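Peer 1: Numbering follows the working numbering, with no gaps: position 50 of the sequence shown is 50.
There's a structure below that I have some questions on.
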Amino acid sequence: MIQAVSPSDLPERWTGKIHSIFANSCNVLLDSGELLTIHRFSFGMLPRSLYVPGLSTEELEQGAPVKGGPEGVLLGNRLLKWSDRLRRMDTAIPRSGCPPRNWREPLALLRERQNSLEGGALTDTLYSRLRHAMAGLWAGLRTGDDAAVSGGCLACIGLGQGLTPSGDDMLLGSMVALHMYRPELACRLAAGIRPLLERTNDISRSYLELALAGYAATPVLEAAAELGGGGTEAARLLMAIGHSSGCDILEGLVTTAEQLYKTEEEGRL
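In structure tokens:
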């Protein structure tokens, strides 16, 4: 049974086909061209998704038709019915009135977690390249150099292994932080990312497109909100998601907060 849906205004009727299948989720390519995730993740809600706690993906086939309607969603041969207590979730990124000054402790926790993971020389090289690219991107945002912003985005998009490459996840985290704390800078970063979306895979591109439009998964929203409040509970939960995706998104969040804090102190942005 479908317990939650996002966005709340998902059309009553839609059709598509199964795009990709995983142990706890599947992605549906809607006829409109967007990806919809059907999942059983307990950590929170994805920005365009249906939450089905009892979801089984074992008998699903890639390319099989999927149909949504008033009775539910026909996924393969199984009808997933809408719950009578269906939650309609809003995953829009809110604007915060507080500056993101709570970045030091989450960053320290992140570095501790990253150092505990045995990634080897290749992983170290990857993150060195990504951090260098993000530094160049931020230099461009500080000075109004759009070419530098585009160059930093180009160096990040699609870089890294996994379902959503590390570079994409870092950019996503940065976009969410900027939407929440400095939306005028989010527009400039979005302008650097948007022309490059075809350089990454379908799933990662979908999440980036949603972030550009101002939407993100609830664990990301909660970790971003902590930067302007206090505590590290949401940051810890985010780090536990995926092999490295949660950590990579958090890297984008906290390093963006750090840059915003430093440039605020210097009066440069």
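Heads up, the beta-carbon is just placed ideally off N, CA and C, and yes, glycines get one too.
Being a predicted model, the structure only gives us computed values, none of them experimental.
1) What number of angstroms, rounded off, separates the C-alpha of ILE38 from the C-alpha of ARG194?
2) Can you give me the start and stop residues for the alpha helix (DSSP H) that LEU159 sits inside?
3) Buried or exposed: where does LEU210 fall if 16 or more other Cβ atoms within 10 Å of its Cβ makes it buried?
4) Please classify SER8 as buried or exposed, where buried requires at least 16 other C-beta atoms within 10 Å of its C-beta.
5) Please state the DSSP three-state secondary structure of ALA121.
6) Along the chain, where does the alpha helix (DSSP H) that runs through SER166 open and close?
7) By DSSP, does GLY185 sit in helix, in strand, or in coil?
8) Going by C-alpha distance, which of VAL254, TYR215, LEU212 is nearest MET134?
9) Say whether the stretch 97–113 touches the stretch 44–58, bearing in mind that this needs 3 or more beta-carbon pairs closer than 8 Å, one atom from each stretch.
10) What are the boundary residues of the beta strand (DSSP E) that TYR51 is part of?
11) Between GLY229 and LEU130, what straight-line distance do the alpha-carbon atoms span, to the nearest angstrom?
12) Is it right to say THR164 is buried, meaning 16 or more other beta carbons lie within 10 angstroms of its own, or is it exposed?
13) Report buried or exposed for ALA147, applying the criterion of at least 16 other Cβ atoms within 10 angstroms of its Cβ.
14) Just to confirm the assignment, what range does the alpha helix (DSSP H) spanning LEU107 have?
15) For ALA223 and LEU238, which I take to be in contact (beta-carbon distance under 8 Å), what is that distance rounded to the nearest angstrom?
16) According to DSSP, is GLY231 part of a helix, a strand, or is it coil?
17) State buried or exposed for ARG95, treating a residue as buried only when at least 16 other CB atoms are found within 10 Å of its CB.
18) DSSP three-state call for LEU29: helix, strand or coil?
19) So TYR215 packs on THR91, CB below 8 Å; how close in whole Å?
20) State yes or no: is the C-beta of ASP248 within less than 7 Å of the C-beta of SER204?
21) Return the Cβ separation of THR263 and LEU178 in integer angstroms, given the expectation that the two are a contact with Cβ distance under 8 Å.
Peer 2: Checking against the coordinates, here is how it stands:
1) Position 38 of the sequence shown, counting from 1, holds the residue named residue 38. Position 194 of the sequence shown, counting from 1, holds the residue named residue 194. For ILE38 and ARG194, the distance between alpha carbons rounds to 26 Å.
2) Your numbering for residue 159 matches position 159 in the sequence shown. Neither: LEU159 is in no alpha helix (DSSP H) and is coded neither H nor E.
3) Taking the sequence shown and counting its residues from 1, one reaches residue 210 at position 210. Buried, because 16 or more other Cβ atoms sit within 10 Å of the Cβ of LEU210.
4) Translated into the one-based positions of the sequence shown, residue 8 becomes position 8. Looking at its Cβ environment, which holds fewer than 16 other Cβ atoms inside 10 Å, SER8 is exposed.
5) Here residue 121 refers to the residue found at position 121 of the sequence shown. Helix at ALA121.
6) Position 166 of the sequence shown, counting from 1, holds the residue named residue 166. First-last of the alpha helix (DSSP H) with SER166: 166–181.
7) In the sequence shown, residue 185 corresponds to position 185, counting from 1. Checking the sequence shown, residue 185 turns out to be Leu, not Gly. LEU185: helix per DSSP, three-state reduction.
8) As a position in the sequence shown, residue 134 is number 134, starting the count at 1. Comparing Cα-Cα distances from MET134 to each of VAL254, TYR215, LEU212, the minimum goes to VAL254.
9) no
10) In the sequence shown, the residue the question calls residue 51 occupies position 51. Segment 49–51, the beta strand (DSSP E) holding TYR51.
11) As a working note, residue 229 is residue 229 in the sequence shown. As a working note, residue 130 is residue 130 in the sequence shown. Each residue's alpha carbon lies about 27 Å from the other.
12) Counted from its first residue, the sequence shown places residue 164 at position 164. Classification for THR164: buried.
13) Your numbering for residue 147 matches position 147 in the sequence shown. With fewer than 16 other Cβ atoms within 10 Å, it is exposed.
14) Counting from 1 along the sequence shown, the entry for residue 107 is found at position 107. Run containing LEU107: 104–116, per the alpha helix (DSSP H) assignment.
15) Here residue 223 refers to the residue found at position 223 when the sequence shown is read from its first residue. Here residue 238 refers to the residue found at position 238 when the sequence shown is read from its first residue. Contact holds; Cβ gap of about 4 Å.
16) The residue you call residue 231 lines up with position 231 of the sequence shown. Reduced to three states, the DSSP call for GLY231 is coil.
17) As a working mapping, residue 95 is identified with position 95 in the sequence shown. By the 10 Å Cβ count, ARG95 comes out exposed.
18) If you number the sequence shown from 1, residue 29 lands on position 29. In this structure, LEU29 counts as strand in the three-state DSSP scheme.
19) In the sequence shown, the residue the question calls residue 215 occupies position 215. In the sequence shown, the residue the question calls residue 91 occupies position 91. Contact holds; Cβ gap of about 5 Å.
20) Translated into positions along the sequence shown, residue 248 becomes position 248. Translated into positions along the sequence shown, residue 204 becomes position 204. No; because the gap between Cβ atoms is not below 7 Å, this pair is not in contact.
21) One-based indexing of the sequence shown puts residue 263 at position 263. One-based indexing of the sequence shown puts residue 178 at position 178. 12 Å between Cβ atoms; not a contact.
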